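Peer 1: If you scroll down you'll find the structure; I have some questions about it.
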Amino acid sequence: NIFLNDLNNLLKENPSVIILPKSKKFDKKEKELILSWVSNGGLLIKFASNKSLYNKNIYLNSQNTSPSIRYLGGELSWEKDLSIKNFSDDSIFRSILIPKDIIIKKQLIFSKMDQVGIKILAQLQDETPLISMKEVGNGKVLLFHFTANNDWTNIPLSKIFSDFLSKALLLSKLQASNSK
């Protein structure tokens, strides 16, 4: 089932996955609610946005990630036409075909990813993150380092986007089967 609602009412439906298409800064009560839900096995899928710069706690339970937006492919950019790196054999995305026509204009990056237990699930050729994940209690926060629309990349207009989401939803099924 798919539910659209404010956080309080959404959590009453006991969803296994919540998708936030925009970076949302939670107030104290909302943060406690979502943190409790994720810690008890929920999968929170988040997308980057310009507002991500003001959210120092994007994975809910970590500090000091120091987000910044990286601009790619502009006239003053060193990197041009970075593509998605092939997925490793142990990646949940390993069976996904990478289209050749992906264009990435912006990407959310962090200064200290390896120091705060964040796992990179998909990356660009220069090994910067495209999709990352952090375990929070018994749950997970999955972060797409681009927007859910085509402002930063054409990925949301490509088949790979639905493939990414389909595979990401498997993480919630894996969590449910591991908790039994």
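Under this note's numbering, think of the first position of the sequence shown as 1177, with each following residue one higher. The C-beta atom is built at its ideal place from N, Cα and C for all residues, glycine as well. All values derive from a computational prediction rather than experimental measurement.
#1: Does the Cβ-Cβ distance between Lys1222 and Ile1195 come in under 9 Å?
#2: Roughly how far, in whole angstroms, is the beta-carbon of Leu1319 from the beta-carbon of Ile1234, given that I think they are within contact range, below 8 Å?
#3: Buried or exposed: Ser1308, going by 16 or more other Cβ atoms within 10 Å of its Cβ?
#4: Indicate whether Lys1316 and Leu1209 have their beta-carbon atoms separated by less than 9 Å.
#5: Please specify which runs of the beta strand (DSSP E), each continuous and at least 3 residues long, are wholly inside the segment 1279 to 1323, giving them in chain order.
#6: For Phe1269, I'd like the list of residues in its chain whose CB is within less than 6 Å of its CB, leaving aside the five on either flank, ordered along the chain.
#7: How many Å lie between Lys1356 and Gly1249 at the Cα?
#8: Tell me the rounded alpha-carbon separation between Lys1335 and Leu1258.
#9: Would you mind working out which of Pro1197, Lys1198, Lys1207 sits nearest Asn1184, comparing C-alpha positions?
#10: What is the rounded straight-line gap between the Cα of Asn1216 and the Cα of Asp1203?
#11: So, helix, strand or coil for Leu1220, using DSSP?
#12: Taking DSSP's pairing of strands, which residues face Tyr1230 in a bridge?
#13: Out of Ile1279, Ile1294, Phe1322, point me to the one whose CA is closest to Lys1227's CA.
Peer 2: This is what the structure holds:
#1: Residue mapping note: residue 1222 aligns to position 46 of the sequence shown, counting from 1. Residue mapping note: residue 1195 aligns to position 19 of the sequence shown, counting from 1. Yes.
#2: In the sequence shown, counting from the first residue as 1, residue 1319 sits at position 143. In the sequence shown, counting from the first residue as 1, residue 1234 sits at position 58. The Cβ separation is near 6 Å, so the contact holds.
#3: Your numbering for residue 1308 matches position 132 in the sequence shown. Counting C-beta atoms within 10 angstroms of its own C-beta, Ser1308 has 16 or more neighbours from the protein chains shown and is therefore classed as buried.
#4: Within the sequence shown, the letter at position 140 stands for residue 1316. Within the sequence shown, the letter at position 33 stands for residue 1209. Not a contact, by the Cβ cut-off of 9 Å.
#5: 1282 to 1286, 1295 to 1299, 1305 to 1312, 1315 to 1320
#6: As a first step, residue 1269 is located in the sequence shown; it is residue number 93 there, counting from the start. Same-chain partners within the cutoff: Phe1263, Ala1298, Lys1343.
#7: In the sequence shown, the residue the question calls residue 1356 occupies position 180. In the sequence shown, the residue the question calls residue 1249 occupies position 73. Confidence in Lys1356 is poor, its pLDDT being 48 and thus under 50, which makes the residue's placement unreliable; the coordinate value appears in the next sentence. Lys1356 and Gly1249: Cα-Cα distance of roughly 47 Å.
#8: Looking up residue 1335 in the sequence shown gives position 159. Looking up residue 1258 in the sequence shown gives position 82. C-alpha separation (whole angstroms): 18 Å.
#9: Locating residue 1184 in the sequence shown gives position 8, where the first residue counts as 1. Taking Asn1184 as reference, the option from Pro1197, Lys1198, Lys1207 with the minimal CA-CA separation is Lys1207.
#10: By 1-based counting over the sequence shown, the position of residue 1216 is 40. By 1-based counting over the sequence shown, the position of residue 1203 is 27. Their Cα atoms are separated by approximately 20 Å.
#11: Indexing the sequence shown from 1 puts residue 1220 at position 44. Here Leu1220 sits in strand by DSSP.
#12: Along the sequence shown, read from residue 1 onward, the residue named residue 1230 stands at position 54. Answer by DSSP bridge pairing: none, since Tyr1230 is not bridged.
#13: Along the sequence shown, read from residue 1 onward, the residue named residue 1227 stands at position 51. Here the closest residue by C-alpha is Phe1322.
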